[in-house]
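In the numbering used here, the protein residues as written are 46 to 404. By construction, the Cβ of each residue, glycine as well, lies at the ideal position given by its N, Cα and C atoms.
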Ligand code: NAD
Ligand code: ZN
């Protein structure tokens with residue numbers, strides 16, 4: 046069986062594209078209870094962008110602090126319950142922020158029409174009805190959350206996406222002006238998520254001409270942004286990074302991620318480490334799986350003088366390491382892609398513990 050996925054319905058790309066958001070939403074304003082629900086990264090509270098949000102008096106604009114933790118099922122359920130009880134069903138949800146806000150917008154759009162807690166729907170194709178119209182406006186690039194068919198949520202028992210066709214955005218607004226203010230470390234860690242998506246997508250069983258073409262182009266852009274003679278956080282590179290993120294996301298959608306993401310999920314679940322940062326921490330030590338990619342990654346680290354701690358595992362207990370290894374081991378699709386169908390003969394929980402001890 047080959048993957049058969051729905052893509053984003055509409056995409057606008059270009060500097061200043063955010064100014065078109067009002068007109069884009071206008072077409073949908075008569076739907077449901079005739080108001081828009083904006084979910085915005087708290088970083089933008091009091092900033093210029095806040096004034097440019099095309100909200101009307103009947104709309105709800107909610108600023109959310111994504112820093113203490115990645116999106117939880119509890120946050121999604123409470124947002125949904127509150128809006129439904131106070132205002133009714135929105136015409137649409139607009140997420141303005143990074144991967145965390147993208148996931149919140151996608152998840153809440155689905156939960157407006159699906160009863161019960163979002164914990165019921167963590168997994169593949171468990172969502173029963175299409176969600177409401179939803180728009181993604183990324184303000185930091187790299188995760189590919191703007192294009193993916195999953196909304197990753199941390200629940201009481203698992204960190205897993207609401208993954209189905211209806212998760213994908215109806216509209217995405219890609220305005221490179223919006224990512225200019227990203228702090229340098231985040232610019233690096235989140236951008237590296239794209240780089241790692243491509244390296245993992247390319248190095249495995251499920252790679253094919255379609256996923257490869259996206260990865261190839263995305264890697265070319267990543268190299269220009271992080272290694273080329275004009276590398277660095279410039280407007281020109283911001284244009285490229287927005288496109289690289291999208292293409293990296295498409296590449297992995299039609300292929301798969303691998304060992305680094307398997308470890309990263311363990312770090313996030315057990316230690317609460319953030320996705321993109323956790324990827325960098327793990328990738329740095331995966332030379333035997335992705336030799337060329339890791340060499341190049343280290344060059345990028347050096348070039349941009351990024352602070353990436355090592356020797357972290359000496360502060361972890363054996364129990365934590367085993368727990369992380371178990372989280373990773375339980376991602377068979379990633380190991381299958383990276384190592385092969387006989388991966389269980391080649392990789393044990395003990396081996397994965399060994400990988401964590403390197404970090
Ligand atoms: P994020 O949304 O977690 O934000 C990271 C930091 O950058 C925050 O402090 C935020 O306030 C700040 N920020 C965002 N935009 C900014 C701007 N323009 N200027 C200044 N600061 C800004 O970042 P992320 O790395 O994009 O997302 C990580 C999340 O994405 C995780 O929750 C992860 O689980 C999720 N994720 C989802 C997918 C998917 O396919 N759905 C894929 C990978 C990761
Ligand atoms: Zn990732």
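- CA-to-CA, the gap between residue 51 and residue 287 works out to about 20 Å.
- Burial check for residue 46: the Cβ neighbour count within 10 Å stays below 16, so the residue is exposed.
- Rounded to whole angstroms, residue 94 and residue 362 show a C-alpha spacing of 44 Å.
- Taking C-alpha positions only, residue 270 is separated from residue 245 by approximately 19 Å.
- Between residue 307 and residue 376, the beta carbon gap of about 5 Å places them in contact (Cβ cut-off 8 Å).
- Secondary structure note for residue 119: its alpha helix (DSSP H) is the uninterrupted segment 118-131.
- Around the beta carbon of residue 104, a 10 Å sphere encloses 16 or more other beta carbons of the protein chains shown; the residue is thus reported as buried.
- With a cutoff of 7 Å on beta-carbon distance, residue 324 and residue 238 are scored as near each other.
- By the Cβ criterion, the region 136-148 is in contact with the region 81-91, since at least three pairs of Cβ atoms, one from each stretch, lie closer than 8 Å.
- One thing to note: residue 216 has its Cβ no nearer than 7 Å to the Cβ of residue 97.
- According to the DSSP assignment, residue 109 belongs to the beta strand (DSSP E) that extends over 105-109.
- In the structure shown, residue 92 adopts coil according to DSSP, grouped into three states.
- Note: residue 83 is bridge-paired with 106 and 139 in the DSSP secondary-structure output.
- Residue 354 is classed as exposed because its beta carbon has fewer than 16 other beta carbons within 10 Å across all chains shown.
- Residue 228 carries a coil assignment under DSSP once its states are collapsed to helix, strand and coil.
- Relative to the ligand NAD, residue 320 has its C-beta within less than 6 Å of a heavy atom.
- Between residue 233 and residue 349, the C-beta spacing is below 7 Å.
- Residue 234 sits in a helix when the DSSP states are folded into three classes.
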